[in-house]
Amino acid sequence: MIRPLTLACLFFLVGSPALAQEPDDKPLFDPGNDEVMNSESFLAAHPDLRWRRDGLRSLEQDRSGEALTFFKRASRYADKASQAMVAEMLWTGVGTPVDRPLAYAWMDVAAERAYIPFLAKREEYWNALSEAERAQALEVGAAIYDEYRDDVAKARLEKLLRKAKRRTTGSRVGSVGNLQVIIPGPGGASISIDGSKFYDRQYWDPKVYWAWQDSIWKDPPTGNVNVKDLEVVRDGEAPDTDD
Numbered sequence: 261m262i263r264p265l266t267l268a269c270l271f272f273l274v275g276s277p278a279l280a281q282e283p284d285d286k287p288l289f290d291p292g293n294d295e296v297m298n299s300e301s302f303l304a305a306h307p308d309l310r311w312r313r314d315g316l317r318s319l320e321q322d323r324s325g326e327a328l329t330f331f332k333r334a335s336r337y338a339d340k341a342s343q344a345m346v347a348e349m350l351w352t353g354v355g356t357p358v359d360r361p362l363a364y365a366w367m368d369v370a371a372e373r374a375y376i377p378f379l380a381k382r383e384e385y386w387n388a389l390s391e392a393e394r395a396q397a398l399e400v401g402a403a404i405y406d407e408y409r410d411d412v413a414k415a416r417l418e419k420l421l422r423k424a425k426r427r428t429t430g431s432r433v434g435s436v437g438n439l440q441v442i443i444p445g446p447g448g449a450s451i452s453i454d455g456s457k458f459y460d461r462q463y464w465d466p467k468v469y470w471a472w473q474d475s476i477w478k479d480p481p482t483g484n485v486n487v488k489d490l491e492v493v494r495d496g497e498a499p500d501t502d503d
């Protein structure tokens, strides 16, 4: 029941189908900077992406309770996809007892930036709630907003981004110059990445970082899947594979 939104979080993180691959097989992030965004040093300063990654891995491995914990951690750093995943898990009872009013509150905060997938889910939830559940959702929603709304949660991540960049570059203005960033590679080897690539403003400047995420989520890619009518196949017969 949770699968559709799970796939949305997988594919719309950075608009890359590479996210659907196994963790040890393909890059988790693929915006053209695979080595950068897959490095632990990058993810350590981006707990929104790190904890969402771990949550998705746990969910795919049927460790739903653990996944819920990771999504809540990512949610504290303004990760709207993770907030939506918490909502879906509460709504469907995956890794937690069903709590529809609380699920609505989580989806409401996930829809704060008017991202289309989460707005649609929020309205779907609201229409399914009873009057008593709606009243309860509004009551429990205050605490969720106090902890996870953008003007609180974004500040947590922005503080980490600025601190991590200053510490690594050794400059308060964040100049990278000819800096080379060394990150662990496969088999114990090291990979050297140009500092200007690792510290692209898209990933470290808070204003640009949020704008980058908005560009991904506000108009996510869509596609259609055509499903043929069900066909009864008797033992010993092969299904019709025409067209």
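Position one of the sequence shown corresponds to residue 261 (my numbering), numbered consecutively onward. Cβ coordinates follow ideal geometry from the N, Cα and C atoms, glycine included. Just so you know, these numbers come straight off a predicted model, no measurement behind them.
Simplified DSSP assignment, three categories, for residue i
i	result
D474	helix
R336	coil
R409	coil
Y463	helix
S318	helix
T329	helix
Y364	helix
D308	helix
L229	Residue 229 lies beyond the range of the chain shown here (261 to 503); nothing can be said about it.
G401	helix
P377	helix
Separation of residue j from residue i, as counted between CA atoms
i	j	result
W470	V369	16 Å
K286	E391	Residue placement at K286 is poorly supported in this model, since its pLDDT is 37, which falls under 50; the coordinates are not used for a value here.
K467	Y375	17 Å
P377	A344	9 Å
N486	A388	Any reading at N486 must be qualified, since the residue scores a pLDDT of 38, below 50, and its modelled position is unreliable; the value itself is stated next. Rounded to whole angstroms, N486 to A388 spans 28 Å at the Cα level.
E300	A395	43 Å
A365	R461	33 Å
W464	R422	7 Å
Y337	E348	19 Å
I404	D411	13 Å
T352	R426	43 Å
A415	Q473	16 Å
M367	D322	22 Å
K381	L303	28 Å
V358	W477	27 Å
Contact check, residue i vs residue j, beta carbons under 8 Å
i	j	result
P361	E393	yes
L350	A341	no
S324	V354	yes
E372	R409	yes
L328	T356	yes
D339	R312	yes
- Query: Touching or not, the segment 333–347 and the segment 302–309, by the rule of three or more beta carbon pairs under 8 Å?
  - Reply: Yes, the segment 333–347 touches the segment 302–309.
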